[in-house]
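What follows is a set of notes on a single structure, which appears directly below.
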């Protein structure tokens with residue numbers, strides 16, 4: 358996704374075949390997608406409109422992203438946006454002070470912030486409809502987010518090591534459950550998502566709905 | 358949903374002045390909606406097309422359902438479809454044999470079956486997009502499903518009474534969490550939703566992800 362070519366962008370043609378890509382062109386295109394999602398929504402967004410807004414040609418866009426869904430996915434789910442994990446402090450002291458429920462709360466909060474951006478909220482139903490029509494698309498696009506899932510697994514592993522999570526916990530099922538809750542709350546008009554929502558979800562999934570064994 | 362039901366949503370104009378509605382007309386219209394959802398999907402479905410397929414006039418449809426979303430919601434989420442609860446056997450013997458995790462599993466299974474119908478799977482992304490544009494719509498439509506939510510609360514209350522669920526459990530949060538998981542798994546291409554999925558979800562939310570207190 359990087360290139361050192363300082364060549365002009367925004368002048369209409371973009372780099373030709375075999376020439377390194379200009380990251381500023383990528384940024385201009387992704388910015389244009391986010392603007393248009395906020396202004397028009399997913400259904401009315403077109404590659405042509407994105408190219409015009411970004412000041413590039415349609416082929417310049419298609420060379421980078423084969424479909425509108427690929428383009429929108431990258432614009433609204435930046436894969437580098439993995440800020441839910443605690444700072445990389447693995448000292449025993451720091452680890453001892455960590456709490457699994459806090460970790461889960463932080464993950465849910467970060468995901469809520471991400472999904473509540475206007476361009477993301479605008480894109481999600483349209484992307485879901487595209488997934489419906491092209492089942493392979495979701496799998497392909499979600500590989501972009503494998504790093505997020507991997508970071509979540511690390512978080513679970515660390516909690517197991519601290520004795521705070523079940524050793525037999527299915528981290529992927531928990532990840533999907535939390536992702537589902539965040540997606541659902543974003544899609545709903547959701548009076549429920551106020552302060553404390555992430556905490557409530559974290560407590561529910563960590564403590565469980567069943568009667569505590571210690572009772 | 359009986360013949361004397363005055364209207365699907367309670368918010369429409371209801372039957373024409375002085376003329377009782379024929380439930381067979383309702384059924385024909387709702388059947389036509391489900392057929393067209395399977396054949397064409399949500400976006401291409403029109404009130405005009407539904408009327409034609411059902412052999413009625415457009416005003417006949419509009420008299421009953423003010424928008425396409427109202428019509429589709431009733432066609433794919435039948436409010437009487439609340440089969441997740443155990444038989445109404447409140448004898449002490451029967452109650453003693455009930456298990457909260459089983460109850461949750463049954464709820465998730467029933468919801469999965471409902472969401473995996475082709476017409477429902479076809480309608481959901483379109484409905485979500487409409488909710489996005491008209492936030493009041495989701496609230497209005499979901500009142501149709503209040504009976505399902507109420508039945509779920511009863512299920513939780515019964516589990517609390519049996520000592521199997523936390524007394525402080527937020528039944529609505531659990532309901533929303535499970536609904537989210539089902540919706541999400543239906544929207545995804547979801548290699549995960551095989552046999553045992555409902556059981557895994559039920560165990561996760563009942564036992565919790567945290568280390569058992571008895572450990």
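Protein chains in written order, with the working numbering: chain X, 358 to 572; chain Z, 358 to 572. We put the beta carbon where it would ideally sit given N, CA and C, even for glycine.
Within-7 Å CB hit, residue i to chain B
i, result
"residue 489 (chain Z)", "No chain B appears in the structure shown, which is made up of the protein chains X and Z."
Residues bridged to residue i [DSSP beta-bridge criterion]
i, result
"residue 468 (chain X)", "Beta-bridge pairing links residue 468 (chain X) to no other residue."
"residue 522 (chain Z)", "X:567"
C-beta neighbour in chain Z for residue i, strict 7 Å
i, result
"residue 444 (chain X)", "Its pLDDT being 49, under 50, residue 444 (chain X) is placed unreliably by the model, and nothing is read from it."
"residue 551 (chain X)", "no"
"residue 385 (chain X)", "no"
"residue 497 (chain X)", "no"
"residue 337 (chain X)", "Chain X is shown only over 358 to 572; residue 337 (chain X) falls outside these bounds and no answer can be derived."
"residue 522 (chain X)", "yes"
"residue 537 (chain X)", "yes"
"residue 540 (chain X)", "yes"
"residue 530 (chain X)", "yes"
"residue 429 (chain X)", "no"
CB of residue i within 7 Å of CB of residue j, strictly
i, j, result
"residue 391 (chain Z)", "residue 405 (chain Z)", "no"
"residue 530 (chain Z)", "residue 541 (chain X)", "no"
"residue 407 (chain X)", "residue 566 (chain Z)", "no"
"residue 389 (chain X)", "residue 457 (chain X)", "no"
"residue 513 (chain X)", "residue 528 (chain X)", "yes"
"residue 395 (chain X)", "residue 476 (chain X)", "yes"
"residue 387 (chain X)", "residue 432 (chain X)", "yes"
"residue 534 (chain X)", "residue 538 (chain Z)", "yes"
"residue 385 (chain Z)", "residue 411 (chain Z)", "yes"
"residue 545 (chain Z)", "residue 495 (chain X)", "yes"
"residue 498 (chain X)", "residue 430 (chain X)", "yes"
Residue-level contact to chain X via CB, residue i, 7 Å cutoff
i, result
"residue 565 (chain Z)", "yes"
"residue 482 (chain Z)", "yes"
"residue 543 (chain Z)", "no"
"residue 557 (chain Z)", "yes"
"residue 534 (chain Z)", "yes"
"residue 486 (chain Z)", "yes"
"residue 402 (chain Z)", "no"
"residue 407 (chain Z)", "no"
"residue 568 (chain Z)", "yes"
"residue 561 (chain Z)", "yes"
"residue 526 (chain Z)", "yes"
"residue 414 (chain Z)", "no"
Segment contact flag, the region 454 to 469 of chain Z with the region 509 to 518 of chain Z, C-beta cutoff 8 Å, min 3 pairs: Yes, the region 454 to 469 of chain Z is in contact with the region 509 to 518 of chain Z.
Cβ contact (3+ pairs, closer than 8 Å) linking the region 473 to 491 of chain Z and the region 511 to 530 of chain X: Taking 8 Å as the limit for Cβ pairs, the verdict is that the region 511 to 530 of chain X does not touch the region 473 to 491 of chain Z.
Three CB pairs or more closer than 8 Å across the region 548 to 567 of chain X and the region 537 to 557 of chain Z: Result no; under three Cβ-Cβ pairs closer than 8 Å.
Runs of beta strand (DSSP E) wholly within the region 471 to 541 of chain Z (minimum 3 residues, chain order): As for any beta strand (DSSP E) of minimum length 3 sitting wholly inside the region 471 to 541 of chain Z, there is none.
Touch test, the region 477 to 484 of chain Z against the region 415 to 424 of chain Z, Cβ-Cβ under 8 Å, three pairs minimum: Contact fails: fewer than three Cβ-Cβ distances are below 8 Å.
Length at least 4, wholly inside the region 390 to 419 of chain Z: the alpha helix (DSSP H) runs in chain order: The qualifying runs are 404 to 411.
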